[in-house]
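To start, the structure itself, in C-alpha cells.
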Amino acid sequence: MKLNPLFIILFLFLFSCTGNSNTVQLNKYAVSAFGSTIKISYTGEEIDGLNFAMENLIADFNRSLSTYDSTSVVSRINRNETDKIDSLNFKLLAQALWWTRATGGAFDVCVAPLVDLWGFGKTKPHPVDSSQVDSARSLGGYNSININQMVLVKKDPGVRINYNAIAPGFAADLISDMLIKRGRNNYYINVGGEVRCSGVNQDSAYWLIGIEKPIENKNGENEAMRNIRVINQALATSGNYRQFYEVDGKKYAHTLDPRTGYPVQHDLLSATVLAPDASTADALATICMVLGREEAKVFFEQLQNVHYYFIYRGEDGSFKEEWSPGLEKQFVED
0 MKLNPLFIIL FLFLFSCTGN SNTVQLNKYA VSAFGSTIKI SYTGEEIDGL NFAMENLIAD
60 FNRSLSTYDS TSVVSRINRN ETDKIDSLNF KLLAQALWWT RATGGAFDVC VAPLVDLWGF
120 GKTKPHPVDS SQVDSARSLG GYNSININQM VLVKKDPGVR INYNAIAPGF AADLISDMLI
180 KRGRNNYYIN VGGEVRCSGV NQDSAYWLIG IEKPIENKNG ENEAMRNIRV INQALATSGN
240 YRQFYEVDGK KYAHTLDPRT GYPVQHDLLS ATVLAPDAST ADALATICMV LGREEAKVFF
300 EQLQNVHYYF IYRGEDGSFK EEWSPGLEKQ FVED
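What follows is the structure, encoded as C-alpha cells:
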C-alpha cells in the first residue's frame, strides 16, 4: 500500500450497533490516515479514549516512519541528516532485514532508488537503461545498511529506505497491541487492505474476508473470488492487475524485483497471505509477487504457520487459483 502524509484525519466515527438477543455489542471506528482508511471493529463495551489513543499512535508512526513527512526520522535518514534511529525504525528495520536475508534480496526496504527510477515513487514513468538500473540496484541489498546501538550506517550516502511493502501491516500490529492492552480480544483491524483479526465477531463467528477477483464487473465493481475465515490471523494481499504503466508501447508491472532491478514478468496476478501477524503477511504478500508462483511455493516450504492463496492467469487467459495445503478448511462458500 502506498503511504501518503500520515495524521491527516479526514473523518472519524465511532458507534455501536446491536442485533438480536444473541448478538453482543459491536463497536466500529474509522479514520483516514496512512493515505487510506483505518477501520476497526471490536466487541464489548466502547473503549474510553480510543480517539486519543489512535491519534497518538498515528502521530508516532508519522514522526518515525513516514517518507511523506519531510521531518520524520526515516526522511531525515534518507537525506543523511541523521544516523540516529528510534524504536519504531529499529523494530521495523529488524523485521525487514530478516526478510531481505531470508529471500536472497527479493524483499528490500532499500529499494527506493529503483522505485523512483522506474516511476513508481515520486517521479513519472519513463524509459530507463541498464546502466541506470545497475546504479540504483547497487544501493540496495542486505549489506546496504547496518545498525549498531541505534545508529544506522549506510554503505553509500545514496541508500534510501522505503517501508511501503511492510509498514501497513506493521501499523495493524501496533493497533492490535493497543487493543489487547485495553482488554479487547475480539477485533478486526483493516489498514488500507492489510487485515488483522482476533477472536470472533458480534455473532460469535470468525471474521470473514473476501478476496477480490482481479477484474471489475460490468458495473465497475469488484467481486469476491473467495471468502476466507480469518482465525486469529492476519491477511494481506498484493497484486499487479491494477498497477502497471506503459512506456513506448510496453507494459511494466508495478512490482520490481530488487535482485534484478527490473519489473517482474510472470503469470501471478495477486497473492494473499495469512500469517500470525500483519507485518509478516504484508511482507510475504510482496515477496510472493516478486518471486512468482513456483519460487514462492518453494520458499513457503521453509515457513510455518503461514498460508498462501494465488490468483494467476492460465494459458487460456482465464483466472486460476492455487493455495497452500490446508487453507481450503478456511474457505466459506457463498
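Here the sequence shown is numbered in numbering that gives the first Met the number 0, starting from 0 and rising by one per residue.
We treat Cβ as the ideally placed atom computed from N, Cα and C, and that holds for glycine.
The model shown is predicted, which means the values in this text are computed figures rather than measured ones.
Asp-256 - partner residues in DSSP beta bridges: Looking up residue 256 in the sequence shown gives position 257. Answer is Tyr-261, bridged to Asp-256.
Straight-line gap, Gly-139 to Asp-155 (C-alpha atoms, nearest Å): Start at 1 with the first residue of the sequence shown, and residue 139 comes out as number 140. Start at 1 with the first residue of the sequence shown, and residue 155 comes out as number 156. Straight-line Cα distance between these residues: approximately 10 Å.
Between the CA atoms of Asn-77 and Asp-68 - distance to the nearest angstrom: Counting from one through the sequence shown, the residue named residue 68 turns up at place 69. Counting from one through the sequence shown, the residue named residue 77 turns up at place 78. Their Cα atoms are separated by approximately 12 Å.
Test item: CB-CB of Tyr-149 and Lys-90 under 8 Å: As a working note, residue 149 is residue 150 in the sequence shown. As a working note, residue 90 is residue 91 in the sequence shown. Reading off the sequence, residue 149 comes out as Met, not Tyr. No, these two residues do not count as a Cβ contact at 8 Å.
Coarse secondary structure for Gly-209, derived from DSSP in three states: For the purposes of this step, residue 209 is taken as the residue at position 210 of the sequence shown. For Gly-209, the secondary structure class from DSSP, reduced to helix, strand or coil, is strand.
Where Met-149 sits in the DSSP three-state scheme: Reading the sequence shown from its first residue, position 150 is the one you call residue 149. Note: Met-149 maps to coil in three-state DSSP.
Counted within 10 angstroms of its Cβ, other Cβ atoms place Ile-179 as buried (16 or more) or exposed: Along the sequence shown, one-based indexing puts residue 179 at 180. Around the beta carbon of Ile-179, a 10 Å sphere encloses fewer than 16 other beta carbons of the protein chains shown; the residue is thus reported as exposed.
Residues bridged to Ala-295 [DSSP beta-bridge criterion]: As a position in the sequence shown, residue 295 is number 296, starting the count at 1. Answer is none; Ala-295 lacks a bridge partner.
Three or more C-beta pairs below 8 Å linking the stretch 194-207 and the stretch 283-295: Using a C-beta cut-off of 8 Å, the stretch 194-207 makes no contact with the stretch 283-295, since fewer than three inter-stretch Cβ pairs fall below that distance.
Bounding residues of the beta strand (DSSP E) (the contiguous stretch that carries Glu-54): Taking the sequence shown and counting its residues from 1, the one referred to as residue 54 is at position 55. Note, Glu-54: premise wrong, no beta strand (DSSP E); alpha helix (DSSP H) at 49-64.
Paired residues, beta bridge with Glu-332 - DSSP: In the sequence shown, residue 332 corresponds to position 333, counting from 1. As far as DSSP is concerned, Glu-332 takes part in no beta bridge.
Check: Val-263 C-beta below 7 Å from any heavy atom of the ligand ATP: The ligand content of the structure shown is nil, which means the ligand ATP is not present either.
Range of the contiguous beta strand (DSSP E) that encloses Cys-196: Position 197 of the sequence shown, counted from the start, is the residue given in the question as residue 196. Per DSSP, the unbroken beta strand (DSSP E) holding Cys-196 starts and ends at 193-197.
Where Asn-200 falls: helix, strand or coil (DSSP): Locating residue 200 in the sequence shown gives position 201, counting from the first residue. Here Asn-200 sits in coil by DSSP.
Inter-residue spacing [alpha-carbon to alpha-carbon] between Ala-105 and Pro-262: Locating residue 105 in the sequence shown gives position 106, counting from the first residue. Locating residue 262 in the sequence shown gives position 263, counting from the first residue. Going by the C-alpha atoms only, they are around 12 Å apart.
Whole-number beta carbon distance between Ala-135 and Pro-112, since they are thought to touch under 8 Å: Taking the sequence shown and counting its residues from 1, the one referred to as residue 112 is at position 113. Taking the sequence shown and counting its residues from 1, the one referred to as residue 135 is at position 136. Rounded, the Cβ-Cβ distance is 4 Å, consistent with contact.
Selected residue, minimal CA-CA separation from Cys-131, among Ile-227, Ala-295 and Thr-259: For the purposes of this step, residue 131 is taken as residue 132 along the sequence shown, with counting starting at 1. According to the sequence displayed, residue 131 carries Gln and not Cys. Distances from the alpha-carbon of Gln-131 to those of Ile-227, Ala-295 and Thr-259 put Thr-259 closest.
Helix, strand or coil at Ala-274 [DSSP, three-state]: Position 275 of the sequence shown holds residue 274. In the structure shown, the three-state DSSP call for Ala-274 is strand.
Reduced DSSP secondary structure (H/G/I, E/B, other) of Ser-134: One-based indexing of the sequence shown puts residue 134 at position 135. DSSP places Ser-134 in helix when its eight states are reduced to three.
Supposed close pair Ala-235, Ala-277 - CB separation, criterion 8 Å: Against the sequence shown, residue 235 aligns to sequence position 236. Against the sequence shown, residue 277 aligns to sequence position 278. Contact holds; Cβ gap of about 7 Å.
Own chain partners of Asn-161 with C-beta closer than 8 Å, once the 5 adjacent residues on each side are dropped: Locating residue 161 in the sequence shown gives position 162, counting from the first residue. Only Thr-66, Val-108, Cys-109, Val-110, Ala-111, Val-114 and Gly-120 meet the Cβ criterion.
Secondary structure of Pro-4, DSSP reduced to three states: Taking the first residue of the sequence shown as 1, we reach residue 4 at position 5. Annotation note: pLDDT 35 at Pro-4 (below 50); position unreliable, coordinate value reported separately. Per DSSP, reduced to three states, the secondary structure at Pro-4 is coil, with no helix or strand assignment.
Beta-bridge partners of Glu-321, as assigned by DSSP: Start at 1 with the first residue of the sequence shown, and residue 321 comes out as number 322. According to DSSP, which records beta bridges pairwise, Glu-321 is partnered with Phe-309.
Closest by C-alpha distance to Pro-324, when choosing among Ala-233, Ile-46 and Tyr-308: Mapped onto the sequence shown, residue 324 falls at position 325. For the options Ala-233, Ile-46 and Tyr-308, the alpha carbon positioned closest to that of Pro-324 is the one of Tyr-308.
Any C-beta of chain D under 8 Å from that of Thr-259: The chain inventory of the structure shown lacks chain D, comprising one protein chain alone.
Three-state secondary structure (DSSP) of Tyr-67: By one-based count along the sequence shown, residue 67 stands at place 68. Annotated three-state conformation of Tyr-67 is coil, per DSSP.
Best match in Ile-230, Glu-44 and Gly-238 for proximity to Lys-212 [C-alpha to C-alpha]: As a working note, residue 212 is residue 213 in the sequence shown. Residue Gly-238 is the option with its Cα nearest to Lys-212.
Secondary structure of Gly-157, DSSP reduced to three states: Residue numbering aside, residue 157 sits at position 158 when the sequence shown is read from its first letter. Here Gly-157 sits in coil by DSSP.
Minimum C-alpha distance to Ile-337 - residue among Glu-45, Thr-279 and Arg-312: Since the displayed the chain opens at 0 and closes at 333, residue 337 lies outside it and no answer follows.
For Ile-210 and Leu-13, the rounded distance between their alpha carbons: Translated into positions along the sequence shown, residue 13 becomes position 14. Translated into positions along the sequence shown, residue 210 becomes position 211. Low confidence applies to Leu-13: its pLDDT is 40, below 50, so where it sits in the model is not reliable, and the reading given next is rough at best. Put simply, the backbone Cα of Leu-13 is about 26 Å away from that of Ile-210.
Candidates Arg-228, Leu-255, Ser-175 and Ala-252: closest to His-306 by CA position: Translated into positions along the sequence shown, residue 306 becomes position 307. It is Arg-228 whose Cα lies nearest to the Cα of His-306.
Start-to-end residues for the beta strand (DSSP E) that takes in Ile-179: Within the sequence shown, residue 179 is the residue found at index 180, counting from 1. Membership of Ile-179 in any beta strand (DSSP E) is not indicated; the residue belongs instead to the alpha helix (DSSP H) covering 166-180.
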